[in-house]
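This report concerns only the one structure given below.
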Amino acid sequence: MSEPEKIVHEEKAQFDFSQSMSYGDYLHLDEMLKAQHPLSPAHDEMLFIVQHQTSELWMKLMLHELMAATRRIATEQLPDAFKMLARVSRIMEQLVGAWRVLSTMTPPEYSAMRPYLASSSGFQSAQYRCIEFALGNKNAAMLKPHAHRADLLALVDAAYRTLSLYDEALRLLARRGLAVPPGYVERN
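If you read the sequence shown in my numbering, its first letter stands for residue 6, the second for the next number, and so on.
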């Protein structure tokens with residue numbers, strides 16, 4: 006037995022996944038890695054797509070954490086809420102840092118693929134809108150870009166109608182005796 010084979014054997018690594026779930030199965034990698042469909046002949050479009058898809062995944066996690074933190078604040082489970090908000094902060098750092106990769110695309114490279122995107126824009130991200138609403142920045146006009154799809158409109162509208170992190174934080178302060186104007190406490 007060769008040295009690498011001994012190491013694998015000693016660690017009892019599993020090689021047969023015909024009867025159990027594999028890493029790829031758990032993460033649904035087949036579907037995820039087939040979700041990139043460049044429309045232009047531009048090499049850099051793949052970078053653009055992957056950057057935006059990974060941003061949407063990070064935003065999905067951010068929403069998960071923001072909603073949970075908001076619920077924890079409502080029930081005064083503040084240590085849990087703080088941990089979740091710390092995670093949101095790290096996700097934001099990750100999102101901001103990821104744009105450094107996209108910045109390797111030059112303006113002419115972006116211009117070569119931009120016509121293929123038609124009117125699509127990151128402005129239309131339903132999750133981005135849900136994050137805005139979850140943080141308390143609510144504007145009913147921002148529902149309109151999602152009206153073309155009932156499922157997205159329902160998602161964004163639900164976020165619009167749900168008490169935000171800001172709302173729950175103000176309610177907590179009021180419960181604790183701070184002078185929060187009633188219009189702010191009941192603004193939603």
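Note that beta-carbon positions come from the ideal geometry of N, C-alpha and C, so glycine has one too.
Legend entry - For residue 60, the three-state DSSP class (helix, strand or coil): DSSP, read as helix, strand or coil, puts residue 60 in helix.
Inset, instruction - Check whether the Cβ of residue 65 sits closer than 7 Å to any heavy atom of the ligand SAM, and report yes or no. - result: With respect to the ligand SAM, the structure shown offers nothing to examine, as it has no ligands at all.
Legend entry - Contiguous alpha helix (DSSP H) assignments of at least 4 residues, all confined to the stretch 21-106: The stretch 21-106 contains these whole alpha helix (DSSP H) runs: 28-32, 34-38, 50-79.
Inset, instruction - Answer yes if the stretch 116-132 comes into contact with the stretch 33-49, meaning at least three C-beta pairs across the two stretches below 8 Å, and no otherwise. - result: Put simply, the stretch 33-49 touches the stretch 116-132. At least three CB pairs are less than 8 Å apart.
Inset, instruction - Have a look at residue 20 and residue 59 and give me their C-alpha separation to the nearest angstrom. - result: Between residue 20 and residue 59, the C-alpha separation is close to 29 Å.
Inset, instruction - Just tell me which of 57, 32, 41 has its CA closest to the CA of residue 131. - result: Closest option to residue 131, Cα to Cα, is 57.
Inset, instruction - State the Cα-Cα distance for the pair residue 150 and residue 86, rounded to the nearest angstrom. - result: Taking the straight line from one Cα to the other gives about 31 Å.
Legend entry - DSSP state of residue 149 mapped onto helix, strand, coil: Helix, per DSSP.
Inset, instruction - Compare the beta carbon distance of residue 78 and residue 140 with 8 Å and say whether it is the shorter of the two. - result: Contact flag unset, no.
Legend entry - Contacts around residue 152, its chain only, beta-carbon distance under 8 Å, and the 5 residues preceding and following it disregarded: Closer than 8 Å at Cβ, skipping near neighbours: 158.
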